[in-house]
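Under full-length UniProt numbering, the first residue of the sequence shown is numbered 1, with each subsequent residue one higher. Here the structure is laid out as structure tokens; the discussion comes afterwards.
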Amino acid sequence: MLTLIDRAWRLLDDTLPAILIGLVSLLITVDIVLRNIFHSTIPDGVEIATYAFVWMIFLASAGASRGGHHFHVDLVGTLRNRALRIAGRVMIEAACGTVSGVMTAASWSYTARSWGRVSEGLEMPLGYFYMIFPLCFALMTLSHLRRAVGFARGARPA
């Protein structure tokens, strides 16, 4: 069951950002060609590209956290005492998990307040675009807490 969840998680924060960067690149390129050659643009193309870019950044950040690359302190790895290394890793992961947990709650509140406002061009509630913030911070929180438990149980090398 856990491997199925891991595969879905990897799809969400590895594959989707790659698709989104392709979409952003395509939208901007086509918009530039249309503007310079045909004196036209993709309606709301820049706004769509902006939101896709933000989603790509946050999903990729969640992927970096899952892989242990987002918040990384290497000083603990130089400690010779294994117990101190494990304790240091657990404390770092717990601190990062706490920060991302606080950000999850704050961004959830921000997103909840944004449903009453609409985007300028698409005229859609901003909550649809902002929901990426609590989702990605929650994924980061789970990544850090999962890694902390792995270090504490000895399932991960310190």
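Ideal Cβ positions, reconstructed from N, Cα and C, are used throughout, including at glycine.
Are there 16 or more other CB atoms within 10 angstroms of the CB of residue i, so buried, or fewer, so exposed?
i, result
"D13", "buried"
"I19", "exposed"
"S109", "exposed"
"S84", "According to the sequence shown, residue 84 is Leu rather than Ser. By the 10 Å Cβ count, L84 comes out exposed."
"I92", "buried"
"L27", "buried"
Specify the secondary structure class of residue i as computed by DSSP and reduced to three states.
i, result
"P17", "helix"
"P134", "helix"
At the level of alpha carbons, what is the spacing between residue i and residue j?
i, j, result
"A155", "P134", "28 Å"
"A105", "T111", "10 Å"
"F58", "G150", "24 Å"
"T50", "V24", "8 Å"
"F53", "F137", "17 Å"
"I86", "A95", "14 Å"
"T98", "A62", "15 Å"
"L16", "R7", "13 Å"
"A152", "N81", "15 Å"
"A60", "S100", "15 Å"
"I5", "L11", "10 Å"
"H69", "V33", "37 Å"
Among the residues of its own chain, which have a CB less than 6 Å from the CB of residue i, if the five just before and after it don't count?
i, result
"D31", "T41, I42 and G45"
"W21", "Note on identity: in this sequence residue 21 is Ile, with Trp being the wrong assignment. Closer than 6 Å at Cβ, skipping near neighbours: M56."
Does the separation of the CB atoms of residue i and residue j fall below 8 Å?
i, j, result
"S65", "M140", "yes"
"S143", "F129", "no"
"A148", "V102", "no"
"G67", "V76", "no"
Which residues in the same chain as residue i place their Cβ atom closer than 8 Å to its Cβ, once the five residues preceding and following it in sequence are excluded?
i, result
"R117", "P125 and L126"
"R35", "T41"
Please work out which residues of its chain come closer than 7 Å, Cβ to Cβ, to residue i, disregarding the five sequence neighbours upstream and downstream, and give them in chain order.
i, result
"W115", "P125 and G127"
"E47", "S119, E120, G121 and L122"
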